[in-house]
Amino acid sequence: MPINELDNCSSVASDRPFLCPKQAMEPQEYSTRKLERTGSNRLGELFQHVGDSTMDPAHQALEVQEPVFQPASLPFILSFHNLTYSVKVRPRIVPAFFSSRTDPTIAHESSSGDSFEDKSRMKVLLNEISGEAREGEIVAVLGASGSGKSTLIDALAYRIARESLKGTITLNGEVLESKLLKVISAYVMQDDLLFPMLTVEETLMFSAEFRLPRTMSKSRKRARVEALIDQLGLRTAAKTVIGDEGHRGVSGGERRRVSIGTDIIHDPILLFLDEPTSGLDSTSAYMVVKVLQRIAQSGSIVIMSIHQPSYRILSLLDRLIILSRGQTVYGCGSPAILPQFFEEFGKPIPLNEDKTEFALDYIRELEGIPGGTKNLVDFNKEWIKKRNPPCINCNWPKISLKESISASISMGKLVSGATNVEYSSSVPLFANPVWKEMMVIANRSITNSRRSPELFGVRFAAVVVTGIILATIFWHLDNTPKGVQERLGFFAFAMSTTFYTCAEAIPMFLLERYIFMRETAYNAYRRSSYVLSHAIISIPALVILSLTFAITTFWAVGLSGGMAGFLFFFTFIFASFWAGSSFVTFLSGIVTNVMMAYTVVVAILAYFLLFSGFFISRDRIPPYWIWFHYASLVKYPYQGVLQNEFADPNKCFVRGIQVFDTSPLKNLPDSLKLKLLQSMSQSLGIKITSSTCLTTGADILKQAGVSDISKWNCLWIIVALGFFFRVLFYFTLLIGSKNKRR
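Each residue of the sequence shown is one higher than the one before, counting from 473 in my numbering.
#1: Which of helix, strand or coil does DSSP assign to K819?
#2: Which one or two residues does DSSP pair with K560 in a beta bridge?
#3: Within the stretch 596-657, note down every full beta strand (DSSP E) run reaching 3 residues or more, in order along the chain.
#4: Which stretch, first to last residue, makes up the alpha helix (DSSP H) that contains T749?
#5: Where DSSP assigns a beta bridge to V774, which residues make up the other side?
#6: With burial defined as no fewer than 16 other Cβ atoms inside 10 Å of the residue's Cβ, what is the status of R916: buried or exposed?
#7: Determine, using beta carbons only, whether L665 and R990 come nearer to each other than 8 Å.
#8: What are the partner residues of C974, as DSSP defines its beta bridges?
#9: Pop quiz: V596 and V672 are said to be a contact at Cβ under 8 Å. What is the actual Cβ separation, rounded to whole angstroms?
#10: Classify S551 as helix, strand or coil using the three-state DSSP reduction.
#11: In terms of residues, what are the limits of the beta strand (DSSP E) holding G872?
#12: In this structure, does DSSP put R791 in helix, strand or coil?
#13: Can you name the residues that DSSP bridges to S796?
#14: Tell me the residue span of the beta strand (DSSP E) that contains R1127.
#15: Assuming contact is defined by CB atoms lying nearer than 8 Å, are I736 and P748 in contact in what I supplied?
#16: Use the C-beta contact count for L1004: other C-beta atoms within 10 angstroms, 16 or more gives buried, fewer gives exposed.
#17: M1152 to G1128, Cα distance in whole Å?
#18: With DSSP as the reference, please indicate the residues paired to K659 in a beta bridge.
#19: Given a cut-off of 8 Å on the beta-carbon distance, is the pair R998 and F1058 in contact?
#20: Would the stretch 608-627 and the stretch 760-777 be scored as touching if the rule is three or more Cβ pairs under 8 Å?
#21: What are the uninterrupted segments assigned as beta strand (DSSP E) that are 3 or more residues long and contained completely in the stretch 1085-1158, given in chain order?
#22: Evaluate T828 with the Cβ neighbour count: other Cβ atoms within 10 Å of its Cβ, from every protein chain shown; 16 or more gives buried, anything less gives exposed.
#23: Is there contact here, the stretch 1057-1076 with the stretch 971-990, by at least three beta-carbon pairs under 8 Å?
#24: Are the CB atoms of I656 and L745 within a distance shorter than 8 Å?
#25: How would you call W907, buried or exposed, if buried means at least 16 neighbouring beta carbons within 10 angstroms?
#26: Report the CB separation of N852 from T800 in whole angstroms; it is logged as a contact under 8 Å.
#27: Under the three-state reduction of DSSP, which class applies to T1167: helix, strand or coil?
#28: Distance check for F1197 and T1204, CA to CA, integer angstroms please.
#29: From the DSSP output, in three-state form, read off L1064 for me.
#30: For H1006, list the residues DSSP reports as bridge partners.
#31: What are the boundary residues of the alpha helix (DSSP H) that includes W855?
#32: Within its chain, find whatever has a CB closer than 7 Å to the CB of I1181; leave out the 5 residues flanking it on each side and keep chain order.
#33: Mind the definition here: the stretch 611-626 touches the stretch 783-798 only if three or more C-beta pairs lie below 8 Å; say whether that holds.
#34: Just the Cα atoms here: how many angstroms apart are H738 and A680?
#35: Quick check: what's the CA-CA separation for S750 versus Q662?
#36: Taking the straight line between their C-alpha atoms, what separation do you get for D1171 and N1139?
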């Protein structure tokens, strides 16, 4: 879309309130206006007053016959005062004569008498930062790398633990709670975290399904997505996949605008962005900021960090905050008065120089001299006091924050909260119920997987190849003592293989991890919905893999039990895949590095196989390791299939002279073996002939030490372990994906 088209409002803007700016109003107008008739056909009102014939009657909105009067909202003002944030730095040995030359932003506390060990060091990332951001404006946070730009954005977005961040953050004079902030705001990360195989339109549509209420019809959600695509200038790329290193997709600028679109689909009141122009060319960067200007003018507060804006981008910004080592050197002033600021400071900006380049270069120059930017920081404080009256909002009407948000919703903002005009204290944290979230997550995962069939294809091929190899090696095993040993080996390898082939679940979640963290940070969906959905959609693939492996091996190896035995064997294979997939998924929630995760999974599965009872029976395991035997995931399927195989009491596996087959006497002539049997019969007082059964299936199970738990209990245990690891995975996400600084 050409840049100039972004300045033109559509003729259908009344249905797309986030496309066109609100009427700008001076504070005096807000002080005199008490009530306002909300009778315009804005989208927010249509959501509230127009029923959808396809809706569930329980969720259908009531029709309003008379005009509704709402209190006029004040312009939203986000204020922050004395924000301070420090982090602990790892202790190190520092000679005493260096202590005075360290970074001035680091505070030292040394015990008396010890001049070498620096026991406690705190690095100050934010140092009493104050300012404000107003509705309809873009506030840009500037500074060199390490100045605290991203930290300030995180602080304002409550992405820093409250016990670590000092200072106050208020919206219209009221302290902003974290739960409320998640509903009325959005945060766009610096990295574009998107599913590569989804198109632009699909990506935004899935975002709409998450963030817009279930009471909104599918057609209205699609209309909102289409409007947003036009607003973001993505019409020509709507059907193009996002792409990644292996697949061509949209350009960098388009990808960045898609990232922004996924977070503003519900038209938030507050929008935070961490360097949205990073890595883009000048034209793409200008397009992104132009879109942000339109979002701000629709009634939002836009706060972003930016490294070094161009002249064209600077013309779109309303306020600047320039930081240096966590301190404010220019606070909340218009870019237009930047030359006046430096002129009064005694360092006028040359006419032929870019304003922001000069300011940032000069600040960097000051950081390299003794005293740093202290004089500039002090001058900025006096400058703010001189230019801002102490009580600018005193004469404004007293309207609570909840009333202001409710009025903003009635004018079309914050669609995910627009289920009721009257804003109540019980803020709806999520736009949809759990089952709806699960359906959308499942649909997105299936769509993304269908575009990448090679992921499942590789796993399927591994199972088929493994099954064929096992079938050909263990072809039609007999019921001799040698056949018994081979069956034990087959079962041990088969059960462990099902767990090892589940390792492919590691990269699948790790690739989605940061997308998941971004989406759940601002309540796109519940963590429980994600866990349940992925557990359910994994079942069909596990059934296919289990059935393929069972069909390939059961009859080829010559396992016993007929069709009933096959069904039980298949059930145990499926339970093993289920438990293995759950276990690997749980580990991927703990270990975030792919290579480290593979190492941990392979090592733990090897220990499980070691203590499963195949290499050493349960009776021979030392008491201090017996707990690992019962914790082994391989134990229960291995023990279950053995009991299924050797459960027939009428089946004999060692008869007469076959007893010598596993001893050094196996090469003796059969006639001599018969004489030995006769001698044994005389000594034992029991007649033993060549057809006498000496070892039954029960004897084999007893020798293997696998009769402590029945096969059905083994099945329930392995299935329960699968559910157990899914629950652990949920708590891992609940604790480990807060995405907050400490």
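The C-beta atom is built at its ideal place from N, Cα and C for all residues, glycine as well.
Working from what's here:
#1: Under the three-state reduction of DSSP output, K819 falls in the coil class, being neither helix nor strand.
#2: M594
#3: Counting only unbroken stretches of 3 or more residues, the beta strand (DSSP E) elements lying wholly within the stretch 596-657 are 610-614, 637-643, in sequence order.
#4: Here T749 belongs to no alpha helix (DSSP H), and DSSP marks it neither H nor E.
#5: I610, L743
#6: Taking a 10 Å sphere around the C-beta of R916, we find 16 or more other C-beta atoms and assign the residue as buried.
#7: Cβ atoms of L665 and R990: closer than 8 Å.
#8: Beta-bridge pairing links C974 to no other residue.
#9: Rounded, the Cβ-Cβ distance is 42 Å, inconsistent with contact.
#10: strand
#11: Here the sequence assigns Ser to residue 872, which means Gly is not the residue at that position. Element bounds for S872: n/a, residue is neither H nor E.
#12: strand
#13: Q799
#14: 1124-1127
#15: no
#16: Under a 10 Å Cβ-count criterion, L1004 is classified as buried, with 16 or more other Cβ atoms of the shown protein chains found around its own Cβ.
#17: 11 Å
#18: Note on identity: in this sequence residue 659 is Tyr, with Lys being the wrong assignment. Answer is F744.
#19: no
#20: yes
#21: If we require 3 residues or more, the beta strand (DSSP E) runs fully inside the stretch 1085-1158 come out as 1124-1127.
#22: Buried, since its Cβ has 16 or more Cβ neighbours within 10 Å.
#23: yes
#24: no
#25: W907 is exposed by the Cβ-count criterion.
#26: 6 Å
#27: For T1167, the three-state secondary structure derived from DSSP is strand.
#28: 10 Å
#29: Correcting the residue type first, residue 1064 is Thr in the shown sequence and not Leu. Note: T1064 maps to coil in three-state DSSP.
#30: Answer by DSSP bridge pairing: none, since H1006 is not bridged.
#31: 846-859
#32: Q1111
#33: yes
#34: 7 Å
#35: Distance between S750 and Q662, taken at the CA atoms: about 7 Å.
#36: 25 Å
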